[in-house]
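A short write-up of the structure that comes next.
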Amino acid sequence: MTFLYQAPQHQATLAFNQLNDFESIWSMKVDWFEEPNERRGGWSGVGKLVLHTPSNNALGVFLKRQENHERRTLMHPIKGIPTFACEFGMMQHLAKHDVPSLKPVAFGQRLVNGNLQALLMTEELVGFIPLEQAVKQMFAEGRPVLREQRKLIMQVAKTVSKMHRSGVQHRSLYPKHLFVDTANMQDAVVIDLEKSRIKLLPFMRTFYDLSTLNRHSEFWSKSARLYFYKQYLGVEQLNAWQKFVLKMIAKRSSRHKTHKTAKKTYQGTK
């Protein structure tokens with residue numbers, strides 16, 4: 023059985039490029055943008071290409087394909103479902119809650135000779151770069167003015183806050199998974215949603231995601247990190263509970279950094 027979703031606004035473009043069925047998209051020759059990830063007898067990879075629209079414009083897209091690359095869920099505890107199915111569902115959830123994320127062009131899955139194949143095509147993010155790249159550029163010639171720092175911090179904090187208010191915990195919230203527009207300062211866009219989950223407890227969403235983001239964010243001062251946290255919460259002053267959570271986040275971030283440093287030191291002595 024084959025399932026294929028096509029975004030209504032892109033159906034004409036897919037047809038124009040003769041990509042209006044699963045097989046034609048799956049069998050496209052596309053150079054890998056990232057080398058395929060292989061695990062447990064399956065694989066998953068992503069390529070980049072340009073589609074031509076009926077109006078003679080260009081549409082940049084990323085095409086992700088995978089085979090036997092599943093994740094177990096409550097509804098599918100044994101076999102699991104393609105991780106792209108989870109990501110596509112999360113994209114739809116975030117879109118309903120007005121959270122900036124990738125926009126799907128097509129999604130599909132099928133079973134061929136016992137192998138579960140899935141594909142996910144998304145629009146290219148034009149004008150956006152990863153947060154980690156933006157920060158390195160910003161700090162390349164010394165510490166930038168506070169106003170410029172806060173513009174960037176605000177757009178990231180706003181998106182992460184909206185994502186959490188929608189009930190989603192990203193579970194892999196590294197700076198490379200947040201894309202920012204440094205020219206126009208639009209809201210940041212969150213990507214790579216394969217590991218994301220709906221979590222009912224707000225504390226879990228905040229604690230784990232912000233610990234990860236804080237631990238892997240370079241260059242920022244303590245005052246900049248505090249500004250992010252306040253913008254994330256939408257407050258000017260922290261109450262006792264918010265201060266407690268902030269201390270917990272800082273403690274977890276510090277513990278992981280210490281463990282990582284100790285591991286490198288140990289490996290260096292071998």
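Each number in our numbering comes from the position in the sequence shown (counting from 1) with 22 added on. By construction, the Cβ of each residue, glycine as well, lies at the ideal position given by its N, Cα and C atoms.
What's the gap between the Cα of residue i and the Cα of residue j?
i	j	result
Gln-171	Ser-46	45 Å
Thr-228	Asn-78	45 Å
Glu-216	His-119	18 Å
Leu-133	Val-212	30 Å
Met-50	Gln-88	13 Å
Met-97	Ile-103	9 Å
Val-202	Val-157	10 Å
Ala-80	Val-267	46 Å
Arg-93	Thr-105	6 Å
Leu-73	Ala-37	11 Å
Ala-205	Glu-163	18 Å
Pro-30	Ala-140	20 Å
Ser-188	Asp-209	16 Å
Trp-242	Met-143	34 Å
In the DSSP assignment, what are the bridge partners of residue i?
i	result
Ala-140	Gln-88 and Gln-131
Ala-80	His-74
Trp-263	Paired residue(s): none; Trp-263 is not in a bridge.
Pro-197	DSSP lists no partner for Pro-197.
Phe-25	Gln-131
By the 10 Å Cβ neighbour count, where 16 or more other Cβ atoms means buried, how is residue i classified, buried or exposed?
i	result
Lys-184	buried
Ser-233	buried
His-32	buried
Leu-41	buried
Lys-285	The pLDDT assigned to Lys-285 is 47, lower than 50, so where the model puts this residue is not dependable; a value taken from the coordinates is nonetheless given after this. When all chains shown are included, Lys-285 counts as exposed.
Trp-48	buried
Lys-86	buried
Leu-248	exposed
Thr-291	For Thr-291, the predicted structure reports a pLDDT of 37, less than 50, and the residue's modelled location is therefore unreliable. A value from the coordinates is still provided. Exposed is the call here.
Can you round the beta-carbon distance between residue i and residue j to whole angstroms, since I take them to be within the 8 Å contact cut?
i	j	result
His-186	Pro-224	7 Å
On the three-pair Cβ rule with 8 Å, is the region 163-170 touching the region 58-69? These segments do not touch.
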